[in-house]
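Down below is the structure, laid out as structure tokens.
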Amino acid sequence: MFYANKYKIIITTLLFALLALLFTSFIKPTYVASVLIQLEKNPQNNFISKLMSPLEGGAVSPATEMGILKSRRVLSQTIDELGLQLDVREKRFPIVGELFARFVSEPFPGVFVTKFSVPLENEDIAWELTVLSSDSYQLNIGESGVLKGKINQTLNKNGFVINVAQINAPAGTSFTVTSRSKFAVIQDLLKQLTATELNKDSGLLSVSFSGQDKKEIVRVLDNISQNFIEDNRLRKAEEASKTLEFVNGQLPGILDRLNQADRQLHLFKAENGSVDLPLEAKAVLDASVAIQAQQNELQLAKVEVSKLYTKSHPVYRSLLEKEALLKKEKAALLQTIAAMPKKQQAFLSIKRDVKSGHEIYMQLLSKQHELGIAKAGTVASIRIVDEAVSDPKPVGSKKSLIVILAAMLGFMFSCGYCLILQVFRVPLEDTETIETHGLEVLASIPLSKCIQRKRRQNLKLKSAGKRVWLARQYPEDLAIEALRSLRTGIFIALRQANKNSFLVSSATPGAGKTFISGNLASVMADAGKSVLLIDADLRLGYLHELLGLREAGGLSDILQGQSTFIEHIQNTTCTGLDFISRGAASALSSEVLMSERLGLLLQWAQQKYDYVIVDTPPILPITDAAIVAQHVGLSLLTLRYKTNNVRELKMSINRFKKCGIELDGVVFNGVKKGSPSAYEYAYYSTPQ
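Residue 262 in the UniProt record's numbering sits at position 262 of the sequence shown; the count goes up by one each step and never skips.
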């Protein structure tokens, strides 16, 4: 099946490969630019981060930073700064224009548009800009009309705003100008932008950006990186600003409490005079003040942490645990104070409020100053290690792989197509199917074991081998026995036809008509008859190879009037069998066979020989067989087992009928052992 369609398969495979090669010529090379970014630990610019640093190490989350890098906030800033929404392209002839632009190195026409904006509903629409002269142009804005202007002149009409700074194109050159929506541009940038952590917990991000313009991708990636760093710096400044705002809000209340505690201390001293505290009481006072300061810091830290984490987060829980520990320590100190005299207890309480309030107030003042400086000089926790640079070689093209895959696809497609055709075309497997179409099966020729064995030997020797004249080399073969039976049927049929000539044709190439003709002629000669075998396949006939005779000087020469009939008749090694080869191959075989000399030749041969056999080309590709059939007594059609199908049988019958010829019978060739059509000769097969 596949061998019969080998040319279709080869042509389809080559066509797919050629189309893939053409397709790859349109693929513009893709380049990749990359930059290496380091994520540093958060700078400790406030006392809250100092409290938290033992818990989370001030580390920056790579996943979070990669998300920010790809955020609309960062990418939108790059789009605005680089004008990526503007798309200007020269109008070119489809396919040919693109190829020309790819392979010609001369500078192409261009216009430099500095500003172009349209109403929202007109975004992502290409508008035609036509050059009128070296300093003027016009923009076709559809129903809104036409804008005409000169370079460095801003035009504004119905929401369309354009400014062209430079024109490097001859008059009449057209361009398309598009204001793309920011959302669409962001989606394209996200497809081109990738970010990965170089190594786990390394704090290094490898960011790459792909595109077809090496300079442009470096420019875009560098801008994205700078905007990413600036965004990080602004976030740090905002954090410091909010913390400073919080501290400023706490200072007035703490100052009021400190002043109130000072007044209470003065009042206590005025009423009770000076109070001397033992060393133990002084130690308790210092410890109580320290605990109060730590509790105040924890309260501030809880306020800030609550903005970042939930109460179930480990950082927040750690603050609660530390707060509980301080409460226990404070409770122990209160028990110690409770054991002191009441006068000392009162003095310690007032003194503690004054001292702790003073320390907290001074601490907040210090932090206020520190945060003010931090806000003014905020630096990002991100820095560029390696600047953006483009790989000089394109990546990801794999043109050869595309061509190979396309060729494989073409091969599989063509094979699948042939297989589907074979499935839907019912193959001929028995004589009953043929006879239902009104044709008698004169013989079923089994597949020759000798020829099969010979072909296997040639395959092992990697040799084409010579063609086997089976009737002479293996006369006992089962196929030859079947041909002897066919000989008997033909003898009877020719008596009824009143002519002693017949032709052998087939529906398609590969059915074995030449095998039938050559070997049938031999077995008829073996019966003591004089036989003339004529090769009328003027295009591809090879009977001369089967018989081991010359090709030159044959039927085509006779029909063209170049010689007499007798001059080109060759004797074979088989007694009683003569042969006329095809002669010089002719592409105009039908015209040659329509010569009057063909009828004269066959009349002469029928008088000189007992039987005349004409081997003709297949009827479906060309109608040569129908031309010869006008001059012979019988027309036989060769069909091959499981190779030809019902459709080809019907077409062959109709092709002969259109030429006024009724087929006289069918030779069913290549029947395999075990099929319903092979039973006739099974008894005579040689035991294995």
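Every residue gets a Cβ at the ideal spot worked out from N, C-alpha and C, and that includes glycine.
In this text, all values refer to a predicted model and were calculated from it rather than measured experimentally.
Going by DSSP, what residue range makes up the alpha helix (DSSP H) through residue i?
i, result
"Arg73", "72 to 82"
"Gln473", "470 to 473"
"Pro446", "Pro446 -> not in any alpha helix (DSSP H); beta strand (DSSP E) instead, spanning 441 to 446."
"Glu90", "That residue, Glu90, is in no alpha helix (DSSP H); its beta strand (DSSP E) goes 86 to 90."
"Ser312", "Note, Ser312: premise wrong, no alpha helix (DSSP H); not H, not E."
"Thr488", "478 to 497"
"Ile27", "That residue, Ile27, is in no alpha helix (DSSP H); it is neither H nor E in DSSP."
"Gly67", "62 to 69"
"Thr431", "431 to 435"
Just to confirm before moving on: does the CB-CB distance between residue i and residue j stay below 9 Å?
i, j, result
"Ser635", "Asp610", "no"
"Ala407", "Thr130", "no"
"Leu547", "Ile534", "no"
"Pro446", "Ala479", "yes"
"Val666", "Leu620", "no"
"Thr64", "Ala126", "no"
"Ile229", "Ile402", "no"
"Gly583", "Leu538", "yes"
"Phe160", "Asn122", "yes"
"Leu602", "Val592", "no"
"Ile224", "Leu86", "no"
"Val389", "Val164", "no"
"Ile37", "Val385", "yes"
"Ile186", "Val32", "no"
"Lys642", "Glu429", "yes"
"Leu520", "Ile490", "yes"
"Val305", "Leu325", "no"
"Asp222", "Glu90", "no"
"Ser590", "Asp624", "yes"
"Val247", "Lys367", "yes"
Roughly how many angstroms separate the alpha carbons of residue i and residue j, rounded to a whole number?
i, j, result
"Leu132", "Ile151", "11 Å"
"Ile48", "Ser208", "Its pLDDT being 48, under 50, Ile48 is placed unreliably by the model, and the measurement read from it follows with that caveat. Approximately 36 Å between the Cα atoms of the pair."
"Ser595", "Gln560", "8 Å"
"Phe565", "Lys657", "31 Å"
"Gln363", "Leu205", "38 Å"
"Tyr417", "Ile10", "13 Å"
"Gln496", "His631", "16 Å"
"Lys399", "Ser202", "36 Å"
"Ala507", "Ile622", "10 Å"
"Ser444", "Ala17", "43 Å"
"Lys200", "Ile141", "53 Å"
"Thr196", "Lys330", "50 Å"
"Glu545", "Phe515", "11 Å"
"Arg472", "Ile627", "31 Å"
"Pro107", "Thr24", "Because the pLDDT at Pro107 is just 45, under 50, the model does not fix this residue reliably, and the value given afterwards should be weighed accordingly. Answer to the nearest angstrom: the Cα atoms are 23 Å apart."
"Ser105", "Asp213", "Because the pLDDT of Ser105 is 44, which lies under 50, any placement of that residue in the model is unreliable, and the question is left without a value."
"Ala171", "Asn5", "56 Å"
"Lys302", "Arg180", "47 Å"
"Gly541", "Gly410", "32 Å"
"Phe183", "Leu421", "50 Å"
"Ala20", "Ile404", "9 Å"
"Ala287", "Tyr309", "31 Å"
"Val441", "Ile434", "7 Å"
"Glu143", "Pro62", "51 Å"
Going by C-alpha distance, which of the options is nearest residue i?
i, options, result
"Ser505", "Ala605, Arg655, Gly438, Ile382", "Arg655"
"Gly149", "Glu662, Glu143, Gln138, Asn158", "Gln138"
"Glu476", "Cys450, Leu486, Asp256", "Cys450"
"Ile350", "Ile291, Ser366, Gln264, Asp286", "Gln264"
"Val394", "Ile27, Leu15, Lys8", "The residue asked about is misnamed: residue 394 is Pro in this sequence, not Val. That would be Ile27, whose Cα lies nearest to the Cα of Pro394."
"Ala169", "Lys454, Ala237, Ser136, Leu189", "Ser136"
"Leu503", "Val614, Lys191, Ala521, Gln77", "Val614"
"Met66", "Asn158, His358, Ile79, Asp231", "Asp231"
"Thr114", "Ser241, Glu662, Lys642, Ile162", "Ile162"
So residue i is in the beta strand (DSSP E); what residue range does that whole segment cover?
i, result
"Ile580", "577 to 580"
"Leu663", "Run containing Leu663: none; DSSP gives neither H nor E here."
"Ser34", "31 to 39"
"Ile384", "382 to 390"
"Ser505", "501 to 506"
Spell out whether any CB of chain C is found under 9 Å from the CB atom of residue i.
i, result
"Lys355", "Among the chains of the structure shown, chain C does not appear; only one protein chain is present."
For this session: Pick out the complete beta strand (DSSP E) segments inside the segment 169 to 209, 3 residues or longer, and give them in chain order.
Result: 174 to 179, 193 to 197
Exercise. Counting only runs that start and end within the segment 106 to 171, where is the beta strand (DSSP E) found for 3 or more residues in a row?
Worked result: 110 to 117, 126 to 133, 136 to 140, 146 to 150, 155 to 157, 160 to 168
Exercise. Along the chain, which unbroken stretches of the alpha helix (DSSP H) at least 4 residues long are found entirely within the UniProt domain "AAA" (510 to 656)?
Worked result: Listed in chain order, the alpha helix (DSSP H) runs fully inside the UniProt domain "AAA" (510 to 656) are 513 to 526, 543 to 547, 555 to 559, 589 to 593, 596 to 608, 624 to 629, counting runs of at least 4 residues.
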